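The sequence shown begins at 4 in this note's numbering and counts up one residue at a time.
Contents: one structure, followed by commentary.
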Amino acid sequence: MLRRVKGLVTITLAIGFFFYCTSTAMAFGHYTPGSLGLNAASLPPPGFHYTMYNLMYTADTMLDDNGNDLDLDLDLTVFANVHQFTYMTDYKILGADFGFDVLIPLVYTSMEMKRQGVDEDSFSLGDICVEPFVFAWHTPRWDVALAFGFYAPTGESDEPSSPGAGYWSFMETLGATYYFDEARTWTASLLTRWLQNTEDRDTEITAGANVVAEYGLAKAFPFNSGELFLTAGVAGYTYKQLDEDSGDGASDQKYFGNAVGPEIRLMGFKPFPFQLSLRYLFEYAGENTTEGQNVCLTLIGSF
4 MLRRVKGLVT
14 ITLAIGFFFY
24 CTSTAMAFGH
34 YTPGSLGLNA
44 ASLPPPGFHY
54 TMYNLMYTAD
64 TMLDDNGNDL
74 DLDLDLTVFA
84 NVHQFTYMTD
94 YKILGADFGF
104 DVLIPLVYTS
114 MEMKRQGVDE
124 DSFSLGDICV
134 EPFVFAWHTP
144 RWDVALAFGF
154 YAPTGESDEP
164 SSPGAGYWSF
174 METLGATYYF
184 DEARTWTASL
194 LTRWLQNTED
204 RDTEITAGAN
214 VVAEYGLAKA
224 FPFNSGELFL
234 TAGVAGYTYK
244 QLDEDSGDGA
254 SDQKYFGNAV
264 GPEIRLMGFK
274 PFPFQLSLRY
284 LFEYAGENTT
294 EGQNVCLTLI
304 GSF
């Protein structure tokens, strides 16, 4: 149970593509489903890109192996302020743009479970994510993304409300965005991530591998003579633990969950390319995880 409580408030960041948002708190390790939404597999063009994510996640339910409420009297609130630095180079590898990025999270967590006597809050640096290998292919109708990265245990991890996971994770990412029309106003995207973990330095338990699939269906509307674009659509995700945890005292239960919700995004080009997006996702049909909702505001500038 200690690992589950710790994992419940583990805050981690996405692989850091240009168009998106990160971070929530759920009952597992590093990558947070729902960090990205519409056009999730569309990476930015060559250049330097700065992104600031602001995400609020709240949950009052913890689900068991059958998807039933464990009735823990849970009150969980997480706010993550994440700074992402991305550089896409002019170099081509197998026809793809090559780049790299780093994400630095600052996380506030407040967690109360009255029945277990847990009442904690904390604010500190979370686990930093580095992607030294990011590849982006662009065609008139397709964008394809491939990336390799890792999470370093830079955050504190010794308390239930600590923002760090206490172990390293290695992540592979593959996805695509399809444009239904020549004007590229209708899009569908799917992005998958595969994570493997090392042993937790605090519990000596190794979390099982997991996969995350994020998706979005969107429509873009140009206005102001094409200088601005308003995009609206539906985003969501499904995540699943593939292997059981291992080590003394490890749980044999595996988590599973889903979420869906609306997203709206404003994109412009003056005085520099920028984006402002707002996403709301509500979770449903989970097992061995929290069930809640999150609101994410993302600000992006390209230079």
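Here a beta-carbon is modelled for each residue, glycine too, at the ideal position from N, C-alpha and C.
In this text the structure is predicted, and so the values were computed from the model without any measurement.
Beta-carbon gap between residue i and residue j smaller than 8 Å
{"i": "Ala-99", "j": "Leu-193", "result": "no"}
{"i": "Leu-75", "j": "Met-114", "result": "no"}
{"i": "Met-65", "j": "Leu-46", "result": "no"}
{"i": "Leu-58", "j": "Arg-268", "result": "no"}
{"i": "Gln-296", "j": "Thr-61", "result": "yes"}
{"i": "Gly-250", "j": "Glu-207", "result": "yes"}
{"i": "Thr-89", "j": "Asp-104", "result": "yes"}
{"i": "Asp-146", "j": "Ala-179", "result": "yes"}
{"i": "Asp-246", "j": "Gly-211", "result": "yes"}
{"i": "Gly-129", "j": "Gly-70", "result": "no"}
{"i": "Leu-302", "j": "Met-55", "result": "yes"}
Inter-residue spacing [alpha-carbon to alpha-carbon] between residue i and residue j
{"i": "Asp-72", "j": "Pro-274", "result": "50 Å"}
{"i": "Ala-155", "j": "Met-270", "result": "32 Å"}
{"i": "Gly-304", "j": "Leu-231", "result": "14 Å"}
{"i": "Ser-38", "j": "Leu-281", "result": "12 Å"}
{"i": "Pro-135", "j": "Gly-152", "result": "6 Å"}
{"i": "Lys-222", "j": "Arg-144", "result": "15 Å"}
{"i": "Lys-9", "j": "Ser-165", "result": "Here the model assigns Lys-9 a pLDDT of 45, short of 50, so the residue's position is not dependable and the matter cannot be decided."}
{"i": "Phe-173", "j": "Pro-36", "result": "16 Å"}
{"i": "Thr-190", "j": "Gly-120", "result": "47 Å"}
{"i": "Phe-21", "j": "Pro-49", "result": "Residue confidence is low: Phe-21 scores 30 on pLDDT, short of 50, so the model does not pin down where it sits. Its coordinate-derived value is still stated next. Taking the straight line joining both Cα atoms gives about 11 Å."}
{"i": "Glu-123", "j": "Phe-272", "result": "44 Å"}
{"i": "Leu-97", "j": "Val-137", "result": "13 Å"}
{"i": "Thr-188", "j": "Ala-148", "result": "19 Å"}
{"i": "Val-214", "j": "Trp-197", "result": "5 Å"}
{"i": "Pro-108", "j": "His-86", "result": "6 Å"}
{"i": "Asp-184", "j": "Thr-201", "result": "44 Å"}
{"i": "Lys-257", "j": "Phe-277", "result": "40 Å"}
{"i": "Ser-228", "j": "Phe-306", "result": "23 Å"}
{"i": "Thr-195", "j": "Thr-142", "result": "20 Å"}
{"i": "Ala-28", "j": "Val-298", "result": "Only weak support is given to the placement of Ala-28: the predicted model assigns it a pLDDT of 37, under 50, and the value that follows is read from those uncertain coordinates. Computed Cα separation, rounded: 12 Å."}
{"i": "His-52", "j": "Val-133", "result": "15 Å"}
{"i": "Glu-266", "j": "Ala-150", "result": "24 Å"}
{"i": "Tyr-34", "j": "Val-81", "result": "15 Å"}
{"i": "Val-237", "j": "Leu-220", "result": "5 Å"}
Cβ shell of residue i (< 8 Å), same chain only, five flanking positions each side left out
{"i": "Tyr-94", "result": "Asp-100, Phe-101"}
{"i": "Asp-63", "result": "Leu-77, Asp-78, Leu-79, Gly-295"}
{"i": "Asp-205", "result": "Lys-9, Ser-160, Asp-161, Gly-169"}
{"i": "Trp-171", "result": "Phe-153, Tyr-154, Ala-155, Pro-156, Asn-200, Thr-201"}
Proximity winner among the options, relative to residue i (alpha-carbon distances)
{"i": "Gly-264", "options": "Asn-291, Leu-128, Thr-241, Phe-183", "result": "Thr-241"}
{"i": "Ile-131", "options": "Ala-150, Arg-118, Ala-139, Thr-157", "result": "Thr-157"}
{"i": "Tyr-111", "options": "Val-215, Pro-49, Pro-36, Ala-83", "result": "Ala-83"}
{"i": "Thr-292", "options": "Asp-68, His-52, Gly-50", "result": "Asp-68"}
{"i": "Tyr-287", "options": "Val-121, Val-85, Ala-262, Ala-186", "result": "Ala-262"}
{"i": "Ser-160", "options": "Ala-235, Leu-284, Phe-126", "result": "Phe-126"}
{"i": "Leu-279", "options": "Ile-107, Asp-184, Leu-177, Thr-234", "result": "Thr-234"}
{"i": "Gln-199", "options": "Leu-220, Phe-183, Thr-176", "result": "Thr-176"}
Contacting residues, own chain, Cβ-Cβ under 7 Å from residue i (five flanking each side not counted)
{"i": "Gly-252", "result": "Ile-208"}
{"i": "Lys-117", "result": "Asp-76"}
Close beta carbons around residue i, own chain, < 6 Å, minus the five adjacent residues each side
{"i": "Leu-300", "result": "Asn-57, Leu-281"}
{"i": "Tyr-218", "result": "Leu-193, Gly-239"}
{"i": "Ser-254", "result": "Asp-248"}
{"i": "Phe-259", "result": "Lys-243, Glu-290"}
{"i": "Tyr-182", "result": "Arg-144, Thr-190"}
{"i": "Pro-225", "result": "Phe-232"}
{"i": "Ala-216", "result": "Thr-195, Thr-241"}
8 Å Cβ cutoff, residue i in contact with chain C
{"i": "Pro-156", "result": "Protein chains in the displayed structure number just one, and chain C is not present."}
Cβ-heavy atom distance, residue i to the ligand SAH, below 7 Å
{"i": "Ser-125", "result": "The model depicted lacks the ligand SAH and carries no ligand whatsoever."}
Ordered list of beta strand (DSSP E) runs contained in the region 175-231, each at least 3 residues: 189-200, 213-226
Contiguous beta strand (DSSP E) assignments of at least 3 residues, all confined to the region 84-134: 99-116, 121-128
Sequence ranges, beta strand (DSSP E) only - wholly within the region 45-78, length at least 3: 50-65
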